[in-house]
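Here the structure is laid out as structure tokens; the discussion comes afterwards.
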Amino acid sequence: MLPVTRRFPPAFSRPARKLSAHFSRLPAYGAVGVARILESPSTRISTESTLFTKEFSLTDRIALVTGANRGIGLETALTLAEAGARTVYCVDFQKEPGEDWTKVHSFVERLGRGKLEYINQDVTNQEGMWKVGELIGRREGRLDVCVAGAGTTTGGDVSGLEHPSEQFQRVMSVNTNGVLFTAQAAGQQMMQFKNGGSIILIASVLGSVSMEIREEPNVRDAAYHSSKGAVLSMTRTLACELGPHRIRVNSLSPGFIQTSMTSFLEIPELGKRLSERAPLGRIGRPDELRGVVAWLASDASSFCTGSDIIVSGGLHAW
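Per the working numbering, residue -16 is the first one in the sequence shown, and the count goes up by one each step.
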């Protein structure tokens, strides 16, 4: 039997060193991973890993996080600061930051690598949010990361057939309008400074799936589900619009996470049943979102946009 000689067409031959315009340009710190090893003389390659010092690093970057006074938003702000962000602007509707935020602020100061700044602003105020973006731009000369995390719920079980208009509009105003206004505020500055950026919209697994109402009649909330579904569509739309400007837009969809907004999970029987609906058999913690936030905010996810990252303990997998 004659040996088989594999011949590849020219289109599959090894590309020249100088890449065409349709290939991504390298980050400012140069090649990483296998390319770094292959393109450098072996005697000159540093053995220091670049995974966390370069790709996942947010050194000297500026971030905006809404809903950052507590819960997932505060956890997100801390994550970005620990990853090296120079300043994380924390926006929330409370006039003064709470005790939790103050403690985290003090911790970040002790780290000595960056700082948290608190701004009182309602995300449903479009003009106000745009001014927040402009303020950050004037102060910092850049804006690199945005996490639109402000959100609310109906606050109880409400039939979709009887949902009061005012209540429905309130949830949509915060969860959908507020997310859009936040993304606008950040995107405008990213466009102005031409540094690219990453915008992360906090959605929910309930924007993709519905609860089994026959088994869980106490979790009906058409407004919340609708608002988060809209965020998923918004993510894809903005990703397509802003991609040519090197601005990535992705959504993060948590499952049931223990925060003050999900206090209903403390009802023993309800919490137990909802925990059992996830393959991991439990409710999540805010800190279990840190890895995804750090990844989406950093260069480590530089080829990811228009995607929804679900962190639900498997709730969506049934």
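Just so it is clear, CB atoms sit at the ideal spot from N, CA and C, and this is done for glycine as well. All values derive from a computational prediction rather than experimental measurement.
Q. What number of angstroms, rounded off, separates the C-alpha of L225 from the C-alpha of Q171?
A. Taken atom to atom, the span from the alpha-carbon of L225 to that of Q171 is near 10 Å.
Q. Roughly how far, in whole angstroms, is the beta-carbon of G161 from the beta-carbon of T107, given that I think they are within contact range, below 8 Å?
A. About 5 Å separates the two Cβ atoms, so the contact holds.
Q.
Comparing C-alpha positions only, which one of G120, T220 and E145 sits nearest to N178?
A. Out of G120, T220 and E145, G120 has the C-alpha closest to the C-alpha of N178.
Q: Let me know if P10 comes out buried or exposed under the rule of 16 or more other beta-carbons within 10 Å of its beta-carbon.
A: So P10 ends up on the exposed side.
Q | C-beta contact flag for G267 and I240 at 7 Å | A | If you check the CB distance, G267 and I240 come in under 7 Å.
Q.
Let me check understanding here. Comparing Cα to Cα, which of L57, L47 and A14 lies closest to P269?
A. If we check each option's Cα against that of P269, L57 comes out closest.
Q.
My output table needs one value for Y207: the three-state DSSP class, helix, strand or coil.
A. Residue state, collapsed to three classes: helix.
**Q.** Whole-angstrom distance between V232 and T288, CA atom to CA atom
**A.** Between T288 and V232, the C-alpha separation is close to 5 Å.
Q) When the Cα atoms are used, what is the spatial distance from G264 to A60? A) When rounded, the distance between both Cα atoms is 28 Å.
Q: Along the alpha helix (DSSP H) that carries D75, what are the first and last residues, could you check?
A: For D75, there is no enclosing alpha helix (DSSP H); the residue is part of the beta strand (DSSP E) that begins and ends at T70 to D75.
Q. Terminal residues of the continuous alpha helix (DSSP H) containing L61?
A. Start and end: G54 to E65.
Q) Could you give the C-beta distance for G190 and S236, rounded to a whole number, given that I count them as a contact under 8 Å? A) That pair is a contact at about 6 Å.
Q.
Once DSSP output is grouped into helix, strand and coil, what is the label at P237?
A. Strand at P237.
Q) Do you know whose CA, among D127, E117, L144 and V154, lies nearest A133's CA? A) For A133, the closest alpha carbon among the candidates D127, E117, L144 and V154 is that of V154.
Q. How would you write the range of the alpha helix (DSSP H) that T165 sits in, first residue to last?
A. G161 to F176 is the span of the alpha helix (DSSP H), which, as asked, contains T165.
Q) Hey, quick one: how far does the alpha helix (DSSP H) through D305 stretch, first residue to last? A) Because the chain spans -16 through 301 in this model, residue 305 falls outside it and cannot be assessed.
Q. How would you write the range of the alpha helix (DSSP H) that K114 sits in, first residue to last?
A. Its alpha helix (DSSP H) spans residues Q109 to E123.
Q) Is it true that the region 123 to 130 meets the region 86 to 103, where meeting means three or more beta-carbon pairs spaced less than 8 Å apart? A) The region 123 to 130, when compared against the region 86 to 103, does not touch it at the 8 Å Cβ threshold.
Q. What residues match up with C287 in a beta bridge as DSSP calls it?
A. DSSP, once it has assigned bridges, lists no residue as partnering C287.
Q.
Using the three-state DSSP reduction, which class does L144 fall into: helix, strand or coil?
A. In the structure shown, L144 sits in coil (DSSP, three-state: anything other than H, G, I, E or B).
Q) How about E117 and I45: are their beta carbons less than 7 Å apart? A) Their beta carbons are not under 7 Å apart, which means E117 does not touch I45 by this criterion.
Q.
Quick check: what's the CA-CA separation for I292 versus A300?
A. Inter-residue distance for I292 and A300 is about 13 Å (C-alpha atoms, whole angstroms).
Q | Where K255 falls, given that 16 or more other Cβ within 10 Å makes a residue buried | A | Under a 10 Å Cβ-count criterion, K255 is classified as exposed, with fewer than 16 other Cβ atoms of the shown protein chains found around its own Cβ.
Q: Grab the span of the alpha helix (DSSP H) containing G274 for me, first residue to last.
A: Run containing G274: R273 to A280, per the alpha helix (DSSP H) assignment.
Q: Would you mind sorting C223 into buried or exposed? The rule is 16 or more other CB atoms within 10 Å of its CB.
A: Exposed, because fewer than 16 other Cβ atoms sit within 10 Å of the Cβ of C223.
Q | Beta-carbon contacts of S295 that lie in its chain and below 8 Å, excluding the five residues immediately before and after | A | So the list reads V188, S236, P237, G238, F239, A261 and G267, once near-sequence residues are dropped.
Q: Have a look at the DSSP bridge pairing and note the partners of S181.
A: Residue pairing by DSSP puts S181 in a beta bridge opposite V128 and R231.
Q: Have a look at S290 and L215 and give me their C-alpha separation to the nearest angstrom.
A: Rounded to whole angstroms, the separation of the alpha carbons of L215 and S290 is 9 Å.
Q: Give me the Cα-Cα distance between V192 and A213, rounded to the nearest whole angstrom.
A: Distance between the alpha carbons of V192 and A213: 13 Å.
Q: From the DSSP output, in three-state form, read off A46 for me.
A: Per DSSP, reduced to three states, the secondary structure at A46 is strand.
**Q.** N-terminal and C-terminal residue of the beta strand (DSSP E) that K98 is part of
**A.** Under the DSSP assignment, K98 falls in the beta strand (DSSP E) whose first and last residues are K98 to N103.
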